[in-house]
Amino acid sequence: MWAQYEVDAFVVVYSITDRRSFQKAADLLDAIRSVGDSRVATILVANKSDLVRSRIVGEKEGKLTAEEFDAKYTEVSAVLNHKVDHLLAGVLKQIRLIKAKQRRDAKKRAKEREVAKCLSRARQHLLGTCFKPLRGTSKSCENLLAL
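Right, here's the structure in full:
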C-alpha cells in the first residue's frame with residue numbers, strides 16, 4: 004500500500020468513542036508491523052479525549068495496543084486543539100531520533116568494516132613476511148638444485 008512511498012512516520016488515529024475505529028487502527032498497526040520497517044516512527048493517537056463520558060476504548064487498552072505494536076501512544080482532542088501541538092512535535096522528534104540512530108548505526112558499521120579491512124591487511128602482511136615461499140634460495144649443503 005505505502006511501499007512505493009518514502010515514509011518517515013505513521014500516525015494511526017482512532018476515536019475513543021468508537022470500538023470499530025480502534026479495531027481498524029489495531030489492524031493497520033499490524034499491517035505496518037508486518038512490513039517490518041523499524042526505521043519508521045509509529046504513533047497511535049486516541050482522538051476525542053474531550054468526550055470522557057462517551058468513552059468506549061480505555062486509555063490502558065490503547066497503551067497496551069501501542070506497546071504490542073512497538074508504537075508510541077498519546078491522546079488528543081482535535082476539536083479543542085488539546086495536545087495536538089504535542090503530537091506534532093512528538094512526531095517530528097520521533098523522526099529525528101530514528102534518523103540520528105540510523106546515522107550512528109551506519110557510522111558504527113563503517114568503522115567495523117574499516118577495522119576488519121585493517122586486520123585483514125595486517126594478517127596478510129604477517130603471513131607474507133613470516134612464511135615466504137622458498138624459491139631455491141636454500142643454503143643447505145644437501146640441496147643439489149641450488150647454489
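In this note's numbering, the protein residues as written are 4 to 150. Cβ coordinates follow ideal geometry from the N, Cα and C atoms, glycine included.
* **Where phenylalanine 72 sits in the DSSP three-state scheme** => coil
Sheet register partners of tyrosine 17 (DSSP bridge)
Note: tyrosine 17 sits in a beta bridge opposite Ala49.
One or two residues paired with serine 24 in a DSSP bridge: As far as DSSP is concerned, serine 24 takes part in no beta bridge.
**Asked** According to DSSP, is aspartate 78 helix, strand or coil?
**Response** Before going further, note that residue 78 is glutamate rather than aspartate in the sequence given. Correct three-state label for glutamate 78: strand.
Requested in this report: Taking aspartate 33 as the reference, give the member of Gly93, Glu71, Glu62, Asp21 with the closest Cα.
Outcome: Glu71
message = If contacts are defined as beta-carbon pairs under 8 Å, then valine 175 and threonine 77 qualify, I think. What distance do you get, rounded to the angstrom?
response = With the chain represented from 4 up to 150, any question about residue 175 goes unanswered, as that position is not in the structure.
Within 10 Å of its beta-carbon, does alanine 29 have 16 or more other beta-carbons around it, so buried, or fewer, so exposed? buried
Does glycine 65 pass the burial test, meaning 16 or more other C-beta atoms within 10 Å, or should it be called exposed?
buried
Open item on the list: Alpha carbons only, please: which of Val94, Leu90, Cys133, Ala44 is nearest the one belonging to aspartate 73?
Closed with: Restricting attention to Val94, Leu90, Cys133, Ala44, the CA atom closest to the CA of aspartate 73 is found in Ala44.
Which same chain residues, not among the five before or five after alanine 69, have their C-beta less than 7 Å away from its C-beta? Leu47, Lys75, Tyr76
For this session: Quickly, what does DSSP pair histidine 128 with across the bridge? List them, please.
Result: Note: histidine 128 sits in no beta bridge, so no partner.
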